[in-house]
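Asker: Numbering (my numbering), first residue to last: 59 to 384.
Ideal placement from N, C-alpha and C gives every residue a C-beta, glycine not left out.
In this text, all values refer to a predicted model and were calculated from it rather than measured experimentally.
Right, I'll just put the structure down here and ask away after.
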């Protein structure tokens, strides 16, 4: 039996993106796989009064079980409402989004289980096949008022089951035809960001291609743009991990200054996953080293959750500009 996202308390991304573009900020899209990550995301965004997109990948659905994730998502809205009442702050809008859906069937399953937004990533297909697949998902999703994100261009790197060795920049001359031909609600583009914690080699040029972004904005003015692979891989987190038994050699991310510039433009959704993984791993490794006799998961997952919350609150305030915009 199909479940509407409205029954679960979610919103789609249409109004979120409209406000973000008018306000010159980007809505954070944070991935989660477990309860601690979900708690950190909701608490960080509620306390910083930021709208938020909860992202679930295909890998996360396999890890946590799709039915459990549905209940976790529903619980996140209830948790937010309870905390808002307790803290005397306004409730925040929350969207539940499928990240990197690669088939029509997966998108359909998510729509029917309460997702308010889905991404269909046909970037590994030809332009024509990508258009056809994206249009098919849009035509299924829109009657349910579910928003759809498409993608043009290929991001290098590895994140869950999404892998690509070579980066292919989005061609500005293709975006107008793609948007008009598919009816998609937002478009993920490739301008130099990449998946995972190893985005660049040390000393390699790290800046993203803001010139391509500007050209795309000219061709589809006022249209919502999405950046994937936008973790900055904070060196202080990498240092903590390596000092406490980790082996993250040469992990380099996207400069936060570039992300702030992008967020002030037509980019109204920024995906961040690896930074959250690093924050939790750093806290867990430090606890394990400092307290080697500890075996209660709450004693190391609790500090990891707190570290993740602090990271995301700073991202909302200083990088995305979404704090206070709920």
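Could you pull the DSSP bridge partners for residue 159 from this structure?
Answerer: Its beta-bridge partners are 178.
Asker: How is the beta strand (DSSP E) around residue 208 delimited, first residue to last?
Answerer: Segment 205 to 210, the beta strand (DSSP E) holding residue 208.
Asker: Unbroken alpha helix (DSSP H) runs of length 4 or more, entirely within the stretch 81 to 121: which are they?
Answerer: Segments of the alpha helix (DSSP H) lying fully in the stretch 81 to 121: 93 to 105.
Asker: What does the Cβ neighbour count give for residue 204, buried or exposed, with the cut at 16 atoms within 10 Å?
Answerer: By the neighbour-count rule (16 or more Cβ atoms within 10 Å), residue 204 is buried.
Asker: So, residue 154 versus residue 236, is the Cβ gap smaller than 8 angstroms?
Answerer: Contact flag unset, no.
Asker: Taking the beta carbon of residue 257 as the centre, do at least 16 other beta carbons fall within 10 Å, making it buried, or is it exposed?
Answerer: Unreliable positioning characterises residue 257 in this predicted model, as indicated by a pLDDT of 45, which lies under 50. A coordinate reading is not provided.
Asker: Is residue 321 near the ligand ATP, judged by its Cβ being under 7 angstroms from some heavy atom?
Answerer: Absent from the structure shown: the ligand ATP. Ligands present: none.
Asker: Which two residues bound the contiguous beta strand (DSSP E) that contains residue 247?
Answerer: Note, residue 247: beta strand (DSSP E), 244 to 247.
Asker: Just to confirm, are residue 247 and residue 283 a CB contact at a threshold of 8 angstroms?
Answerer: Cβ atoms of residue 247 and residue 283: closer than 8 angstroms.
Asker: Of all the beta strand (DSSP E) runs that stay within the bounds of the stretch 285 to 353, which reach a length of 3 or more residues?
Answerer: For the stretch 285 to 353, whole beta strand (DSSP E) runs of length 3 or above, ordered along the chain, are 325 to 330.
Asker: Quick one: using the 10 Å Cβ neighbour count with 16 as the cut-off for buried, is residue 295 buried or exposed?
Answerer: So residue 295 ends up on the buried side.
Asker: So, with DSSP's three-state summary, where would you put residue 135?
Answerer: Correct three-state label for residue 135: helix.
Asker: As a quick exercise: from 348, 148 and 269, pick the residue whose alpha carbon is nearest that of residue 302.
Answerer: The option with the nearest alpha carbon to residue 302 is 348.
Asker: Taking the alpha-carbon positions, what's the residue 164 to residue 350 distance?
Answerer: Approximately 42 angstroms, taken between the alpha carbons.
Asker: Only counting the same chain, and skipping five residues up and downstream in sequence, which positions put a Cβ closer than 8 angstroms to that of residue 374?
Answerer: The residues are 86, 102, 103, 106, 108, 380 and 381.
Asker: Buried or exposed: which applies to residue 140, given that a residue is buried once 16 or more other Cβ atoms fall within 10 Å of its Cβ?
Answerer: Residue 140 is exposed by the Cβ-count criterion.
Asker: Would you please state the rounded distance, in angstroms, between the beta carbons of residue 242 and residue 161? I believe it to be under 8 angstroms.
Answerer: The pair is not a contact, with the Cβ atoms about 16 angstroms apart (cut-off 8 angstroms).
Asker: Start and end of the alpha helix (DSSP H) containing residue 379?
Answerer: First-last for residue 379: undefined, no H or E at that position.
Asker: If I measure Cβ to Cβ from residue 189 and keep anything under 7 angstroms in the same chain, skipping five residues before and after, which residues do I get?
Answerer: Correct list, in chain order: 236, 239 and 240.
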